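See structure below.
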Amino acid sequence: MESSKPQLIDIVKISDPRGNLSVLQYPSTLPFEPVRAYWIHDVPSGMMRHGHAFYSAQELIVALSGRIEVATESPDGSVKRFTLSRPDQALYVPPMTWRELDNFATNSAVLIVSDCLYDEMDYIRDKNVYNNLVNEETENND
Ligand code: TYD
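Be aware that the sequence shown starts at 1, since it is given in my numbering, and climbs by one per residue.
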């Protein structure tokens with residue numbers, strides 16, 4: 001897996017007549033050691049979660065039920081939009097990726113697994129700050 005790009009990851013799904021069981025396990029199928037999990041649910045219709053990026057955190061986003069869309073922007077300026085609607089598929093989001101969650105279907109529940117503890121200092125919540133940071137980085141590398 002190329003860890004610098006947002007990408008969809010298939011989660012192992014074990015099916016039998018009783019239903020499906022999906023599992024992520026570090027290091028075989030989870031690309032980082034999990035430290036924290038949180039979930040977003042009961043999102044009012046039409047609501048968008050504000051976008052942000054992390055300086056160092058990586059995360060996996062899974063729509064456990066329902067459907068959501070995730071817009072991402074990478075430091076090289078590439079933009080992508082992912083639809084998550086399967087509990088056996090996760091979106092990997094690397095550090096320094098701007099991401100926005102929107103278009104929540106009614107009753108969606110979204111699990112987010114992170115490799116670090118909650119730390120507001122790791123958040124970049126202002127898109128202009130993000131743009132300046134990635135532009136500085138690009139100029140330094142030229
Ligand atoms: P926020 O970062 O705004 O949510 P989103 O990831 O959708 O942008 O988080 C909402 C509130 O929850 C904010 O006050 C911070 C708090 N919070 C925690 O206390 N711990 C956590 O692990 C997370 C993710 C958020």
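Beta carbons are placed, not taken as given, at the ideal position from N, Cα and C, and that holds for glycine.
Everything numeric in this text was worked out from a predicted model, so none of it was measured.
Own chain partners of residue i with C-beta closer than 6 angstroms, once the 5 adjacent residues on each side are dropped
i	result
ALA71	ARG81, GLU100
LEU21	ILE14
ASP102	MET48, GLU69
LEU60	ALA90, TYR92, VAL113
VAL43	PHE104
PHE32	GLN58, ASP115
VAL23	VAL12
Sequence-distant residues of the same chain with beta carbon closer than 7 angstroms to residue i, five excluded per side
i	result
PRO34	TYR26, VAL113, ASP115
PRO75	MET96, VAL134, GLU137
LEU117	VAL35, ARG36
LEU111	ALA37, TRP39, VAL62, LEU64
Residue i and residue j closer than 8 angstroms at C-beta
i	j	result
LEU143	LEU30	No answer is possible for residue 143: it lies beyond the span of the chain, which begins at 1 and ends at 142.
PHE54	ASP122	yes
ARG67	SER85	yes
GLN89	ASP10	yes
SER3	PRO94	yes
ALA105	HIS41	no
HIS173	ILE124	Outside the displayed span of the chain (1 to 142) sits residue 173, for which this structure offers no information.
Residue burial classification, residue i (beta-carbon count within 10 angstroms, cutoff 16)
i	result
TYR38	exposed
GLU73	buried
PRO17	exposed
VAL62	buried
VAL79	exposed
Neighbour flag for residue i against chain D, beta carbons, 8 angstroms
i	result
PRO44	Any reference to chain D falls outside this structure, which holds one protein chain only.
Beta-carbon contacts of residue i that lie in its chain and below 8 angstroms, excluding the five residues immediately before and after
i	result
GLU120	none
MET1	GLN7, ILE9, PRO31, TYR92
Residue i: CB within 7 angstroms of a non-hydrogen atom of ligand 3
i	result
ASP102	Summarising the ligand content, the structure contains ligand 1 and does not contain ligand 3.
*Residues with C-beta closer than 5 angstroms to any heavy atom of ligand 1, in chain order*: TYR38, ARG49, TYR118
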